[in-house]
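A short worksheet on the structure shown next.
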């Protein structure tokens, strides 16, 4: 980009975005045209699956390449009331990376901002992308709507699973398998790997075809580009023992090529932008409406719903009507 | 209620709600005034914590009381493409309850409806509430935004944790501890219970005071009623061995009394209704806006954002402006 930001400026801007400061939007507007070049990868999975170690090892291997890419790690940690790396700093594998000037690590707290964390994460990724980081790894802890929203930010989603008791596959239980482009069975040195792999295969087989990356979005567009043929590979990895990482990077490379060749990458990007705009428009419209409604209209409808004479869906419809749009 | 529904009618109406059928809203409007009497309890926690067994055992103990309440169980299972009890039917403890006419069990799939599952669950709870079920247990699998949304439906939230390796507390990792009114350490016959309990205590101690039930919602109202003093108890339970269940029911009773005496129950109900109305209004407004915008306005702004000359937040603002509200 034309006006490179120092690490310190990057960190400050990210904090302003996290805090929802108004001035941050101006900076984002200026940076946005300089973004769009990074390879954005989401890494998700149940707690305890070893996502952090995997992310750290992927970063290490990338940085040991000839002409290494600059790598940013954004960890979205809903458990943490803190941000700025307090949690990640405790992770030994991550700590090894802190001395590397080509690596930027940031943890974002989602506490109290669960509704807006996906938008904030997207903005942070924009800043890092414009800031010249060629690879951005987004690690999310937990499993649920947040992961689906993060999937919309990332170009490729890696779902991490660790062998558990019997055939309990956490990714399946949590419903996040359908957003997986690549599946990593981590801790593959442990017992139960074979069962985990076959449970995952079975789960993939029964998943409706084309549920895919954007399954949660209802619209009339095709779910996937016609030329996009991708079967999520299941890779056995032991991140702690540094085994299997090159396979993950190779799968990422293949997926990037498939995204580009099929037009699916472009389609996903367009969907992502549209979903982002709609989410923000939805919020702007509500704020506008709450401002435009007279307090007595609003309170009357609210009271009726609270006293259960009016269903909330009807209440919303009445409010829409009284706005006279 | 005045027009009691048969189990079959209940099941059919719930299916219509799940499928988003238009006519279902009329039924909901008619039933809504008859709801508002049930005790609604959310049970959440990471996969593998034994939520289903806990829910089944709570139901069994409730049903063995003199003058037993009618109990409905709604399991929200994001992993399942199926609904109508297919998953729950496999759970042995649940199966024991199927013969009891005072128990209604329903699993809801959230697949493909992640955005709307909370609203659908709220509507199903309304139907069961109006249908005369005095206790409604909502079980959610996974951890994330969905659980927070479910917390808004429930009056009391139980977070279930199982002893894990070392001090890894999954509820803490997934950030759902802050919505807990009661914490159950299940599988308390296993090793590592003491560590889990102390990790939970520590996590509760460092949680900012008053983050509480509705922490994710930003507004000017106080987070809690002044008279509401509640410290989430940590209860050791072995649901599989039927140990500790009466303690859970006693804690639920205490919490219900505290909610009533402090006014917190009423405050939460009002917040719940308001959040529900706002969520529906937000969606109605967006649909209205997408309809009102000319296709060329919309596509031009979309293309500019996709080509990164316009940040999505600015794009949304432009669309709002061109609506001339």
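Residue numbers (my numbering), protein chains in the order written: chain P, 406 to 730; chain U, 406 to 730.
Beta carbons: idealized from backbone N, C-alpha and C, even for Gly.
Quick caveat, the model's predicted, so the values are computed rather than measured.
- The way I'd put it, the segment 668-682 of chain P does touch the segment 711-726 of chain U; three or more beta-carbon pairs between them come closer than 8 Å.
- Within the model, the alpha-carbon separation for residue 639/U versus residue 726/P is close to 47 Å.
- Distances from the alpha-carbon of residue 729/U to those of 705/P, 693/P, 663/P put 693/P closest.
- As computed with DSSP, residue 447/U is found in a beta bridge with 543/U, 562/U.
- Assignment of beta-bridge partners to residue 477/P by DSSP yields 509/P, 541/P.
- Look at residue 456/U here: in three-state DSSP terms it is helix.
- In this structure, the alpha-carbon of residue 596/U lies about 12 Å from that of residue 602/U.
- Here residue 429/P is buried, its C-beta having at least 16 other C-beta atoms within 10 Å.
- With 16 or more other CB atoms across the displayed protein chains lying within 10 angstroms of its CB, residue 660/P is buried.
- Beta-bridge pairing by DSSP links residue 605/P to no other residue.
- In this structure, DSSP gives residue 730/P a state outside helix and strand, which the three-state scheme calls coil.
- The beta carbons of residue 703/P and residue 667/P sit no closer together than 8 Å.
- With a threshold of 8 Å between beta carbons, residue 714/P makes contact with chain U.
- In the DSSP assignment, residue 698/U falls outside any alpha helix (DSSP H) and carries neither an H nor an E.
- No Cβ of chain P is located within less than 8 Å of the beta carbon of residue 472/U.
- In the three-state DSSP reduction, residue 642/U falls in the coil class, being neither helix nor strand.
- Within 10 angstroms of the beta-carbon of residue 437/U lie 16 or more other beta-carbons, which makes it buried.
- Within the DSSP secondary-structure output, residue 581/P pairs in no beta bridge.
- Following the DSSP letters along the chain, one finds residue 409/P in no alpha helix (DSSP H), marked with neither H nor E.
- Put simply, the CB of residue 682/P is near chain U, with a gap under 8 Å to one of its CB atoms.
- Cβ neighbours of residue 557/U within its own chain (closer than 6 Å, five residues either side excluded): 677, 680.
- Within 10 angstroms of the beta-carbon of residue 631/P lie fewer than 16 other beta-carbons, which makes it exposed.
- Counting C-beta atoms within 10 angstroms of its own C-beta, residue 586/U has 16 or more neighbours from the protein chains shown and is therefore classed as buried.
- The contact set of residue 440/P on chain U, defined by CB atoms closer than 7 Å, consists of 713 in chain order.
- In this structure the segment 434-451 of chain P lies against the segment 557-568 of chain P, because at least three pairs of beta carbons, one per stretch, are closer than 8 Å.
- For a cut-off of 8 Å, the C-beta gap from residue 543/U to residue 526/U is around 7 Å, short enough to register as a contact.
- In the structure shown, the three-state DSSP call for residue 648/P is strand.
- Considering only 419/U, 696/U, 688/U, 451/U, the residue with the shortest C-alpha distance to residue 568/U is 451/U.
- Under the DSSP assignment, residue 531/U falls in the alpha helix (DSSP H) whose first and last residues are 522-535.
- Each residue's CA atom was taken as its position, placing residue 600/U and residue 454/P some 20 Å apart.
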